[in-house]
Structure formats: structure tokens, C-alpha cells
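Here the sequence shown stands for residues 8 to 387, numbered as in my numbering.
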Amino acid sequence: MPESEPPTPASAPTHRRKRSLSRRGAIGAGVAMAGAAVLTPAVFAATESDPGSAPGSGSGSASGGDPATTPETFPATRSAAAIGTGTATTSFAASYVGVRWSGDPGGAGIRFPGDTGFQSLTGGCASVDGGGTALVAAGNAKTYEVRAADGTTDVRSLAIDTARGPGRTFQVPSQPTRVRGVRYLSRPAWGADESKRYKNGQVNSPEKYYALQSITVHHTDTPNDDPDPAATVRAIYEYHAVTLDWGDIGYHFLIDEAGDVYEGRYSGDDGIPAFNTDGDLVTAFHTAGYNSGNLGIALLGTLTDQGPTDAARASLTRLIKVIARFKGLDPRAQITYTNPVNGVTKNVTTVGGHRDWLQTDCPGRTMYDLLTEVRADASG
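Structure, rendered in C-alpha cells:
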């Protein structure tokens, strides 16, 4: 979440479809330039909690599309919010449930039909001030029960389905765009509903940009062997933007087990993923208190007892290498990070894990142990 930037406020079958990999721009060895494809606005999918569309929404119709784009259909995100503890019921099969609360960070639990007991809601990647939060795979359940310890307050949950909603079609760039060998799925290419960035008619977290100082690796603490990673990215987006009220997905990039790279935090329409035209990094929400100037890359899955796939690791290494060369960073260097918003400092390695900054298991024990090798490979 941001640091004073701003504080955190209070079924169709799944499938791994063949997607167009494309990006709005390219970065290379200190050069940034816009890609040739012009994106048409994405459709803003309705949800139970947000049936309308946000300012700036486009039709996303396949007819009359830009010749540099092709129509692609994504399931509309459905979500249903609940307040307090007890049992909640939804009208749809939920893929995930996001929960947040105030009080003891380990003071809440959840269970689904068929569970023998409650699972403790701890160990996730995201964090909030003065409480706890977790995104939990729901296994297509339509009911769930949340409990909380004494003294826990402001319990809120959001059931999310990003895989089975009605189809919405909008335009996605036709041609792949590479960043020195790394291909990206742009936000339209993974089905980002841009209305989630708005609240009460305004952008919830306006973009702010600062010089890049560090790169932080995360895992999403979601199930491994994911059959529909784009749907999981949309669920994380919904959880971060709506449940946690951050107004966007918290990472700059995400990488799935096949090695596909996803554009994360919205950085403007200037054609450069994660950066503006001046080469400054858009602030995201992945390392509370240390977000500005800190680029977050999340590997999909849980990397505590197993490492990333070879494809995911290769994409992570290539992405870090490209960004480090673009900004003249040494992935292995010891640096003093200085938060440009509030002046807070921390001694870290240029490329590190979430746990180097905060008390968390992220990016998982096995992934964390591999970071020395990743740094070396990205420095070559």
C-alpha cells in the first residue's frame, strides 16, 4: 500500500486461452519509446457492487475497431461484498474471497463448505495498517464463513468471480511488443476493467512518479498449477483495487508459471509500462511504507515449499535485467533506499524480496533463497 500515498481506507469452464501478447511501448538500454499500436478503451465490466461504468469508459465494441487491434472476449468480473463475521452467500460460484479487518493481523479465519475447520488468514503478500488481510481461493463456493478474534473490528469480505461472468469484448493490440526480448500482456490483454481505478467519479489513486531505486520480488500466495492465470490476475486486481481500496493492482508486473508477463499498475497512456515518458516509476502498492521508487514484480503462485517454474524464473531474470539496464542499476548492489515522499531510509539490495522490507513470508522461502542467483543472472 502507499505511504502517505494514500493510506489504506477503511460457471463457464476455466481455460487457458491463447492470448495476444502485446505492450504499448518498449524500453531498451536507456531508451524509451512508444509502441505503434493505439489502444481503444476497454469495456468496463459490471459487478454486483458496481453495475455502472466509470468516467472515460469506452464501448469496446469489436465493430469498427482499429486495424492494429483485434477483438477479444473476457469474462466480466462479478463480486459481492459482505460486512462483519458470520456466513455470507453469493449468487455465483466464487473463485476467491478477499478479507480485511482491523486488529490482530492473525485474528481472522475463513471456511468453505466441506472444510473441517477454519483456515487462519495469515501469511499473504498484501498488508494493511492496523490489521490484516488475505486473498483466499474459494474453490467455486457460493457460501463462506468468516470468524474473528475478540477485539477484531471492521471485518469486510469480497467474493470474487473472474472466470465465469458474462463475456465482454474489447480491442486488444494485434501485434506482440517486446521489451528487449520480454513480451508483455498489456492491461487490455488480460482483461483489466479500468472502472476499478475510479471511486465516486474520480481516480482513486492518482498516478505519482519517482526515480527508480529498487526492485522487489513477491509471490501472490495463490494456488500453484493455475489453469487460468489471467483470471487470477483479474481477481488480484479486484482484491487490491476494491477490497483494499487501493484503486489499482498493487504490483508493476506479474509473471505466471508459463513465463507470461502481465502489465500491472496503470502508468498512463504514454506507451511505457510502469514508467512515464521521463523514465520515472509510477508508485504502486506492494511494500507498505516503501512504495515510491520501488518496482514490484509478483510471481503467481505460492513459492514457500517449491520454487518458480523454469519459464517464470527466466522471465523474472530477463525483466529485471531489462529494467536494471534501462535505469543503470546493479541488481547486486547494496543501497540506501530513501522514500521520496517522507524521507524514510532502509539499507537493502537493489533487487530483493518483500521480506527484506517488512515482516512477511513473501516471496516464499524457496523463492527468497533463489534471489542471489537471480541477481547474478540479471547482472550478466
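C-beta atoms are modelled at their ideal positions from N, C-alpha and C, and glycine is treated no differently. Fair warning: this is a prediction, and the values are worked out from it, not measured in the lab.
Cα-Cα separation between residue i and residue j, rounded to whole angstroms
| i | j | result |
| --- | --- | --- |
| P213 | D368 | 29 Å |
| D168 | S86 | 6 Å |
| T227 | G131 | 7 Å |
| E201 | H259 | 15 Å |
| G275 | N283 | 7 Å |
| L251 | R107 | 7 Å |
| Y103 | F81 | 17 Å |
| T76 | T129 | 42 Å |
| G188 | G124 | 47 Å |
| P230 | T357 | 28 Å |
| A41 | P120 | Reliability fails at A41, whose pLDDT of 29 lies under 50, so the model's placement of it is uncertain and no value is given. |
| T4 | A100 | Summary: the structure shown does not reach residue 4, with the chain confined to residues 8 through 387, and so no result is reported for it. |
| V351 | Y216 | 17 Å |
| G114 | D312 | 24 Å |
| R175 | N349 | 42 Å |
| G359 | F292 | 16 Å |
| R320 | Q178 | 30 Å |
| P3 | A199 | Outside the shown range of the chain, which is 8 to 387, sits residue 3, and nothing can be said about it. |
| T343 | V355 | 6 Å |
| R272 | V210 | 13 Å |
| T373 | P315 | 9 Å |
| I222 | I304 | 7 Å |
| R118 | R154 | 9 Å |
| A141 | G105 | 6 Å |
| R332 | R185 | 15 Å |
| Y244 | A237 | 11 Å |
| N298 | T290 | 6 Å |
| D122 | N147 | 13 Å |
| R194 | G257 | 13 Å |
| L288 | L310 | 27 Å |
| I4 | Q126 | With the chain represented from 8 up to 387, any question about residue 4 goes unanswered, as that position is not in the structure. |
With 16 other Cβ atoms within 10 Å as the buried cut-off, status of residue i
| i | result |
| --- | --- |
| A83 | buried |
| Q341 | exposed |
| R30 | In this predicted model, R30 has a pLDDT of only 40, less than 50, meaning its place in the structure is not dependable enough to derive any value. |
| A385 | buried |
| G172 | buried |
| D267 | buried |
| D235 | buried |
| T379 | exposed |
| D376 | exposed |
| T97 | buried |
| D414 | Beyond the ends of the chain as shown, which are 8 and 387, falls residue 414; an answer cannot be given. |
| S134 | buried |
| I262 | buried |
| G296 | buried |
| A145 | buried |
Integer-rounded CB distance, given that residue j should sit under 8 Å from residue i
| i | j | result |
| --- | --- | --- |
| G254 | K206 | 7 Å |
| V162 | T92 | 6 Å |
| P338 | R382 | 4 Å |
| L323 | L306 | 7 Å |
Run of the beta strand (DSSP E) containing residue i, from where it starts to where it stops
| i | result |
| --- | --- |
| K353 | T352 to T356 |
| F177 | G174 to P180 |
| A218 | Unbroken run through A218: none, as it is neither H nor E. |
| D168 | T160 to D168 |
| Q366 | Unbroken run through Q366: none, as it is neither H nor E. |
| S86 | R85 to I90 |
| Q341 | Q341 to T345 |
| L192 | V189 to L192 |
| T76 | T76 to P82 |
Extent of the continuous alpha helix (DSSP H) to which residue i belongs
| i | result |
| --- | --- |
| T324 | D317 to K334 |
| D384 | R372 to S386 |
| E245 | P236 to E245 |
Interface flag, residue i vs chain C, CB-CB below 8 Å
| i | result |
| --- | --- |
| Y344 | Structure shown: chain C not included; a single protein chain is present. |
Note to self: For a minimum of 3 consecutive residues, which ranges assigned as the beta strand (DSSP E) are wholly contained in the segment 251 to 307?
What the structure shows: 260 to 262, 268 to 270 and 301 to 306
Note to self: Could you tell me which whole beta strand (DSSP E) segments of length 3 or greater appear in the segment 97 to 147?
What the structure shows: 115 to 118
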